[in-house]
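J.:
There are 2 protein chains.
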Amino acid sequence: MSVNIAIIGSGVVGSAFIKQLKNIKFPINLNVVYLAKNSQEALYSSDYQPVDLATYETAPTKATLSLPELAKFLKSGAYPPILVDNTSSPQLAAYYPEFIKQGVSIATPNKKAFSSDLKTWEEIFSNSSAPGGGLVYHEATVGAALPIIGPLNDLVLTGDKIKKIEGILSGSLSYIFNSLSTSEPSTTKFSDVVNVAKELGFLEPDPRDDLNGMDFARKVTILARIAGFQVESPSSFPVDSLVPKELEACATGAEFLEKLPQYDADFQKRKDEALAEGKVLRYVGQVDMDNKTLSVGIAKYSFDHPFSSLKGSDNVISITTERYTNPLIIQGAGAGADITAHGVLADALKIAQRIAK
Amino acid sequence: MSVNIAIIGSGVVGSAFIKQLKNIKFPINLNVVYLAKNSQEALYSSDYQPVDLATYETAPTKATLSLPELAKFLKSGAYPPILVDNTSSPQLAAYYPEFIKQGVSIATPNKKAFSSDLKTWEEIFSNSSAPGGGLVYHEATVGAALPIIGPLNDLVLTGDKIKKIEGILSGSLSYIFNSLSTSEPSTTKFSDVVNVAKELGFLEPDPRDDLNGMDFARKVTILARIAGFQVESPSSFPVDSLVPKELEACATGAEFLEKLPQYDADFQKRKDEALAEGKVLRYVGQVDMDNKTLSVGIAKYSFDHPFSSLKGSDNVISITTERYTNPLIIQGAGAGADITAHGVLADALKIAQRIAK
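Structure (structure tokens):
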């Protein structure tokens, strides 16, 4: 039993994925027939000889195939193909519907295809359901390898009704609020915590790319769609950006960080008000299926709520359904190369178990 | 694409399973070719006509097939067979290795086969890996439908190392300790809480069957084995029974409940001592992979620990690994007919996706 695998990307997640793949024992042959190290360089041979994962870093490369060429190459192999997209490329994501239509299955942590316009989402899953369509597994698009997408799909498939989804799904924003707002009074400054988060590598080069909440909104969009809420796009619902209006125009991330302390007093006031109510501030996404509303922003939680005792940069999600009247809660690291890679690898193996020949 | 399904059991979980199965939309035909309502009565026809799930409760029945006859019947059908065991029968569980060897896949919440002697466990999984062997999915054996077994298998398969597993995996014992021991001083009596748990239907007819911790020990055995710890049996490690030695000899559950108040002072003392340390008591299972030890019994947790804020009869599990240095935590209802049934159904659907023809 075998499958052919194409891996796109050998960055932080991509190289962790390759390392794990190289070391696992699995009863199905996982032939890596194509490995694109970046947008220019790839390893593959026209006779589908597996790429040697022990030497890929230094082996001579060829020019990458175009996406239509890659689809054709995978389709023409002797074994069912899996595309592992370890990039965050919107171009590659836009081509998913076509890959799937041509029978290429996909495992990926790339959120783009699932959180853009609703049409792409619908195309992906209708092409996947059509005869000969490829499978799609994307557990690592939300909370890295935390078991969220799979269990949510299982709930929906077996006839449960999702009532509410609430979560802290950004490692950087989790860290910032867990540090900023605690059950003890503190004068910890928002700008200081943002700087520490940046030093720890939790933030994008321009911190505004995390602080504007848009990446978080993409994850909420994906969860809502699985729950049966046809969200048009991640910009079709309110997202409470942490970037002060006046700082949106800053030319650089550095300039933004320099001016951020001007807003520390606002945050101090908000957290003091919460504390007076016996609560802490958290940056959360919420999907309310009964009222058909979505939001991303700051909310308050009492000290004994699971979100209040969150540690470090952990993610947490709470799913309330007809069956789970007390919510189902899943918590743990929601980022990191090894963890994201194993989420993708576990998906690729599940696909292999279904399609191998 | 089709599979043949045999359902054994139409009790609380079994009938919830049948109801869910009847209502789902799924792209694979799920032909229920055999339905054993109990150990005597079954519905099936020798030409594999699907059983009508709308009328099974009142339809005329035949005598059940013996297990060898059932294996032969399933093996001889036109489609790959799945056995759904919704009983807690040890006899049926003992036959799993043979079913699997003959190519019958199994989805079940029945813990017996996975938590008895190590030989049975090894036989099940070696028969499953052998050519032509059936698949085995048993998510609902621990924590009902909570995503535990699947994610734990994924961690192991992708090369993570499990370091520690800790959990509250009994709904009744969760309820008893969540009520008994809180962060506020209380004089709530152990025997009163046990009586309330019994009235709420959380306890077996003889409460000692829950309070002795043996059912819990079976779940810990399963988790440890998945993590790679070859536990001989659920009685090969220390289990701290909550049944006082002197009450083991009581002839009935009623007599036991009558005498239980004599021990309330002991429990009060233990919880007062914990409270003085800023802790609460919880009944937990622990698997320490570094030191290769297992245990089930009372442990103390500080107020801000996730186990301390558990509600009602919820289960919770905490898994620490090389990758998850902060533990992966999964929490929610770990019992109930609908929840258990959907855990089994989701497994049956995963099997169908892999074997349907």
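Residue numbers (the numbering used here), protein chains in the order written: chain V, 1 to 357; chain G, 358 to 714.
Beta carbons are placed, not taken as given, at the ideal position from N, Cα and C, and that holds for glycine.
1. Would you tell me roughly how many angstroms separate the C-alpha atoms of Phe202 of chain V and Leu92 of chain V, rounded to the nearest one?
2. Less than 8 angstroms separating the beta-carbons of Val596 of chain G and Ala574 of chain G?
3. Let's see if you can read the secondary structure: which residues bound the alpha helix (DSSP H) around Thr221 of chain V?
4. Residues of chain V with CB closer than 7 angstroms to the CB of Asp695 of chain G, please, in chain order.
5. For the region 479 to 506 of chain G, which residues have a beta carbon sitting closer than 8 angstroms to at least one beta carbon of chain V?
6. Counting Cβ pairs, one atom from each stretch, are 3 or more of them under 8 angstroms apart for the region 272 to 286 of chain V and the region 249 to 259 of chain V?
7. Using a Cβ cut-off of 8 angstroms, pull out every chain G residue sitting near Pro27 of chain V, in sequence order please.
8. Looking at the strands, I want to know which residues DSSP matches up with Pro438 of chain G.
9. Taking DSSP as the reference, what is the three-state secondary structure of Ser367 of chain G?
10. Return the first residue and the last residue of the beta strand (DSSP E) that Lys657 of chain G is part of.
11. Below 7 angstroms on C-beta distance, what does Ile381 of chain G contact in chain V?
12. Just the chain V side, please: which residues come within less than 7 angstroms of Arg711 of chain G by C-beta, in chain order?
13. Between Gln286 of chain V and chain G, is there a C-beta pair that is closer than 8 angstroms?
14. Does any CB atom of chain V fall closer than 8 angstroms to the CB of Asn683 of chain G?
15. Is it the case that the Cβ atoms of Phe586 of chain G and Ser652 of chain G are separated by a distance below 8 angstroms?
16. 8 angstroms is my cut-off, CB to CB: does Lys311 of chain V come that close to chain G?
17. Counting C-beta neighbours from all protein chains within 10 Å, is the total for Asp517 of chain G 16 or more, i.e. buried, or is it exposed?
18. Can you say whether Ala581 of chain G is buried or exposed, counting buried as having 16 or more other CB atoms within 10 angstroms of its CB?
19. Taking the alpha-carbon positions, what's the Leu30 of chain V to Thr650 of chain G distance?
20. Using CA atoms only, rank isn't needed, just tell me which of G:Leu378, G:Thr418, G:Val389 and G:Val408 is closest to Gln397 of chain G.
21. Using only the alpha-carbon positions, how far apart do Asn195 of chain V and Ala299 of chain V sit?
22. Looking at the structure shown, is Gly253 of chain V part of a helix, part of a strand, or coil, going by DSSP?
23. Starting from Leu568 of chain G, trace the beta strand (DSSP E) in both directions and tell me its first and last residue.
24. Could you check how far apart the C-beta atoms of Arg680 of chain G and Asp338 of chain V are, in whole angstroms? I think they sit under 8 angstroms.
25. Taking only beta-carbon atoms, is Pro438 of chain G less than 8 angstroms away from chain V?
26. So, is Asp671 of chain G buried or exposed, given that buried needs 16 or more other C-beta atoms within 10 angstroms?
27. Given a threshold of 16 other Cβ atoms within 10 Å of its Cβ, counted over all protein chains shown, does Asp154 of chain V qualify as buried or as exposed?
28. Determine the closest residue to Gln286 of chain V out of V:Ile319, V:Gln353, V:Asn127 and V:Glu69, with distance taken between C-alpha atoms.
29. Answer yes or no: does any C-beta atom of chain G fall closer than 8 angstroms to that of Ala346 of chain V?
30. For Ile106 of chain V, which residues of its own chain have a beta-carbon under 7 angstroms away from its beta-carbon, when the five flanking residues on both sides are left out?
31. Rounded to whole angstroms, what is the Cα-Cα separation between Pro591 of chain G and Ser170 of chain V?
32. Can you name the start and end residues of the alpha helix (DSSP H) that Gln331 of chain V belongs to?
33. Quick check: the Cα distance between Leu53 of chain V and Gly9 of chain V, rounded to an integer number of angstroms?
34. For a test of the three-state rule: what should DSSP assign to Thr141 of chain V, helix, strand or coil?
35. Taking just the CA atoms, how far does Phe73 of chain V sit from Met1 of chain V?
36. Which residues in chain G have a C-beta closer than 9 angstroms to the C-beta of Leu349 of chain V? List them in chain order.
T.: Let's see:
1. Position 202 of the first sequence, counted from the start, is the residue given in the question as residue 202 of chain V. Position 92 of the first sequence, counted from the start, is the residue given in the question as residue 92 of chain V. Distance between the alpha carbons of Phe202 of chain V and Leu92 of chain V is about 25 angstroms.
2. What you label residue 596 of chain G is simply residue 239 of the second sequence in a count that begins at 1. What you label residue 574 of chain G is simply residue 217 of the second sequence in a count that begins at 1. The answer is yes: Cβ separation under 8 angstroms.
3. As a working note, residue 221 of chain V is residue 221 in the first sequence. Segment Met214 to Ala227, the alpha helix (DSSP H) holding Thr221 of chain V.
4. The residue labelled residue 695 of chain G in the question sits at position 338 within the second sequence. Contacts between Asp695 of chain G and chain V, judged by CB atoms closer than 7 angstroms, involve Arg323 in chain order.
5. Result list: Ser486, Ala502, Leu503 and Pro504.
6. no
7. As a position in the first sequence, residue 27 of chain V is number 27, starting the count at 1. Going along chain G in sequence order, the residues near Pro27 of chain V (Cβ under 8 angstroms) are Ser486.
8. Indexing the second sequence from 1 puts residue 438 of chain G at position 81. According to DSSP, Pro438 of chain G bridges with G:Asn361.
9. If you number the second sequence from 1, residue 367 of chain G lands on position 10. In the structure shown, Ser367 of chain G sits in coil (DSSP, three-state: anything other than H, G, I, E or B).
10. Residue numbering aside, residue 657 of chain G sits at position 300 when the second sequence is read from its first letter. Per DSSP, Lys657 of chain G belongs to the beta strand (DSSP E) from Thr650 to Ser659.
11. Residue mapping note: residue 381 of chain G aligns to position 24 of the second sequence, counting from 1. The answer, in chain order, is Leu157, Thr158 and Gly159.
12. Locating residue 711 of chain G in the second sequence gives position 354, where the first residue counts as 1. The answer, in chain order, is Gln353 and Arg354.
13. Counting from one through the first sequence, the residue named residue 286 of chain V turns up at place 286. Judged by the 8 angstroms Cβ criterion, Gln286 of chain V is not in contact with chain G.
14. The residue given as residue 683 of chain G occupies position 326 in the second sequence. So yes, Asn683 of chain G belongs to the interface.
15. Here the question's residue 586 of chain G lines up with position 229 in the second sequence. Here the question's residue 652 of chain G lines up with position 295 in the second sequence. The answer is no: Cβ separation not under 8 angstroms.
16. Taking the first residue of the first sequence as 1, we reach residue 311 of chain V at position 311. At a cut-off of 8 angstroms between C-beta atoms, Lys311 of chain V counts as an interface residue with respect to chain G.
17. On the second sequence, residue 517 of chain G is found 160 positions in, with the first residue counted as 1. Under this definition Asp517 of chain G is a buried residue.
18. By 1-based counting over the second sequence, the position of residue 581 of chain G is 224. Its Cβ being crowded by 16 or more others within 10 Å, Ala581 of chain G is buried.
19. Locating residue 30 of chain V in the first sequence gives position 30, counting from the first residue. Locating residue 650 of chain G in the second sequence gives position 293, counting from the first residue. Cα to Cα, the separation comes out at about 36 angstroms.
20. Residue 397 of chain G sits at position 40 when you count from the first residue of the second sequence. Closest by alpha carbon: G:Thr418.
21. Position 195 of the first sequence, counting from 1, holds the residue named residue 195 of chain V. Position 299 of the first sequence, counting from 1, holds the residue named residue 299 of chain V. Near 22 angstroms, if we compare the C-alpha coordinates of Ala299 of chain V and Asn195 of chain V.
22. Position 253 of the first sequence, counting from 1, holds the residue named residue 253 of chain V. Here Gly253 of chain V sits in helix by DSSP.
23. To locate residue 568 of chain G, count along the second sequence from 1; it is residue 211. Note, Leu568 of chain G: premise wrong, no beta strand (DSSP E); alpha helix (DSSP H) at Arg565 to Leu568.
24. On the second sequence, residue 680 of chain G is found 323 positions in, with the first residue counted as 1. On the first sequence, residue 338 of chain V is found 338 positions in, with the first residue counted as 1. About 5 angstroms; that satisfies the 8 angstroms criterion.
25. As a working mapping, residue 438 of chain G is identified with position 81 in the second sequence. For Pro438 of chain G, the answer is no, since every Cβ of chain V falls outside 8 angstroms of its Cβ.
26. Taking the second sequence and counting its residues from 1, the one referred to as residue 671 of chain G is at position 314. Classification of Asp671 of chain G: buried, given that the 10 Å Cβ count is 16 or more.
27. Here residue 154 of chain V is taken as the residue at index 154 of the first sequence, counted from 1. Taking all protein chains in view, the Cβ of Asp154 of chain V is crowded by 16 or more other Cβ atoms within 10 Å, so the residue is classified as buried.
28. Locating residue 286 of chain V in the first sequence gives position 286, where the first residue counts as 1. Nearest C-alpha to Gln286 of chain V: V:Ile319.
29. Numbered from its first residue, the first sequence carries residue 346 of chain V at position 346. Taking Cβ atoms only, chain G reaches closer than 8 angstroms to Ala346 of chain V, which makes this a yes.
30. In the first sequence, residue 106 of chain V corresponds to position 106, counting from 1. Closer than 7 angstroms at Cβ, skipping near neighbours: Leu83, Asp85, Tyr96, Phe99, Ile100, Gly134 and Val136.
31. Here residue 591 of chain G is taken as the residue at index 234 of the second sequence, counted from 1. Here residue 170 of chain V is taken as the residue at index 170 of the first sequence, counted from 1. Near 40 angstroms, if we compare the C-alpha coordinates of Ser170 of chain V and Pro591 of chain G.
32. Against the first sequence, residue 331 of chain V aligns to sequence position 331. From DSSP, Gln331 of chain V is part of no alpha helix (DSSP H) but of the beta strand (DSSP E) over Leu328 to Gly332.
33. Reading the first sequence from its first residue, position 53 is the one you call residue 53 of chain V. Reading the first sequence from its first residue, position 9 is the one you call residue 9 of chain V. So the two alpha carbons sit approximately 13 angstroms from each other.
34. Within the first sequence, residue 141 of chain V is the residue found at index 141, counting from 1. In this structure, Thr141 of chain V counts as helix in the three-state DSSP scheme.
35. For the purposes of this step, residue 1 of chain V is taken as the residue at position 1 of the first sequence. For the purposes of this step, residue 73 of chain V is taken as the residue at position 73 of the first sequence. Cα to Cα, Met1 of chain V sits roughly 20 angstroms from Phe73 of chain V.
36. Locating residue 349 of chain V in the first sequence gives position 349, where the first residue counts as 1. Neighbours of Leu349 of chain V on chain G, chain order: Asp511, Leu514 and Thr515.
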